[in-house]
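Please read the structure below before turning to the comments.
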Amino acid sequence: MATIDEIDRDVYVRIQADLLVVGDSIMTNRHHSSNGNYNEDEPQNKIGGIIPPFSLSGWLRHGMEKVVQKRDTTVCHPGEANANFRKGDVYDRDLNAGYHEKGACVEDANEDDGCVVFDLFGGFNNQCGKIMRRPIQFSPVRDSVDYTRGQAEGHYRRLNRNVVSRNREDNREPLRNTELDAVGNLDGSWHLSFREQKPEFVGLLIEAIDFLDTHKTDFMHQLGGARNFGGGIVDCELINPLYSETELRRVFDRGKDPTNKMGEKDDEWGEEYRPAFVEALEERIEEGW
Ligand SMILES: [Zn+2]
């Protein structure tokens, strides 16, 4: 029988996207590598950077909320019940659509687990949650990417959006110029760590990643910005947690097929582990939240 103890606290999600524009700025190492001669159109540039975890985290959380809501159970609203969130009718509308007020599932936030989303993400400022979401470090140089450390191959792009004057006498002078940081052709691993591990957390992660992959072209389940321009469509897949580091690296090696051993582990995961974790999630939800 598969047990939680056999799964490492560190798990990896493969993330692939043609174009990603995250709302929070991408941090780049441009100033290190450019020598002041940076040219964003130069394909040889070696600009790498970091995709901050905030957008990724919200995207994952939304997928997890759906997984629980599909089973006719409500989850914590991601926003505080006070202040500006309360204004307007958005919050109240959400409370009728699968959410309960944030923290309503606990009496004592330091003692009760609350709903599974509260349990995993933490509720209020003094609680960090039980899953650590890391940033993804990307580089255009595949040889330097360490997939076992949550890194990705990705190509930094600066997108320009010009709003041009239609008046002839303005000489089509740009009125406004917006620059967006983007990553193109992203392929890598997102590193997640459970601070505390419960089988239902793994079950929730499995189901959420499946859900997000199936719904990747739904506007609301795309990641980051520029969605109207094809940004944020993400292929995602939980990398078999039974894989060794060498096997994890091999997943990204386009020149190599999976080994027989990897195939055996896939069978084992699919037949034993995965159903056990999903069942644990179902039991947890049946118990209340
Ligand atoms: Zn809750």
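Taking full-length UniProt numbering, the leading residue of the sequence shown gets 1, the next gets one more, and so forth. Positions of the beta carbon are idealized from the N, C-alpha and C atoms, including for glycine.
- Under the three-state reduction of DSSP output, F138 falls in the strand class.
- Put simply, the segment 233-243 does not touch the segment 150-163. Fewer than three CB pairs are less than 8 Å apart.
- Counting only residues of its own chain and dropping the five nearest sequence neighbours on each side, V67 has a CB closer than 7 Å to the CB of L204, E207, A208 and F211.
- Residue burial annotation: M220 is exposed, with fewer than 16 other C-beta atoms found within 10 angstroms of its C-beta.
- At a Cβ-Cβ threshold of 8 Å, I15 and I136 count as neighbours.
- F194 is bridged by DSSP to I131.
- Boundaries for L19: no alpha helix (DSSP H) harbours it, while the beta strand (DSSP E) harbouring it runs D10 to L20, taken from the DSSP string.
- Between G122 and C128, the C-beta gap is smaller than 8 Å, which places the two residues in contact.
- Only buried fits G232, as 16 or more other CB atoms lie within 10 angstroms of its CB.
- For A104, the CB falls within less than 7 Å of some heavy atom of ligand 1.
- Scanning the segment 210-250 from its first residue to its last, the whole beta strand (DSSP E) runs of 3-plus residues come out as 234-238.
- Buried is the label assigned to F277, since at least 16 other Cβ atoms lie within 10 Å of its Cβ.
- The way I'd put it, the segment 181-191 doesn't touch the segment 260-271; fewer than three beta-carbon pairs between them come closer than 8 Å.
- A distance criterion of 7 Å places the beta-carbon of W289 in contact range of ligand 1, judged by its closest non-hydrogen atom.
- Taking non-hydrogen atoms of ligand 1 into account, the C-beta of F277 is found less than 7 Å away from none of them.
- Ligand 1 has a heavy atom closer than 7 Å to the beta-carbon of G114.
- If you check the C-beta of V67 against ligand 1, you find no heavy atom less than 7 Å away.
- Comparing alpha carbon positions, the residue from K261, R284, L180 and L238 closest to G225 is L180.
- Secondary structure in the segment 93-128: the alpha helix (DSSP H) runs of 4 residues or longer, each lying completely within the stretch, are 116-121 in chain order.
- Looking only at E286, K216 and C76, the smallest Cα-Cα distance to V234 is reached by K216.
- Distances between the C-beta of V75 and the heavy atoms of ligand 1 include at least one below 7 Å.
- Residue burial annotation: A97 is exposed, with fewer than 16 other C-beta atoms found within 10 angstroms of its C-beta.
- When H77, V13 and R142 are compared, the shortest CA-CA separation from L192 is found for V13.
- DSSP, reduced to helix, strand and coil, places H155 within a strand of the structure shown.
- Around R134, the same chain offers P53, G150, W190, H191, L192 and S193 as residues with beta carbons nearer than 8 Å, after the five sequence neighbours per side are excluded.
- Excluding residues up to 5 positions away in sequence, I26, M27, T28, N29, F138 and Y156 lie with their Cβ nearer than 7 Å to the Cβ of G49 in the same chain.
- Short note on H100: C-beta closer than 7 Å to some heavy atom of ligand 1.
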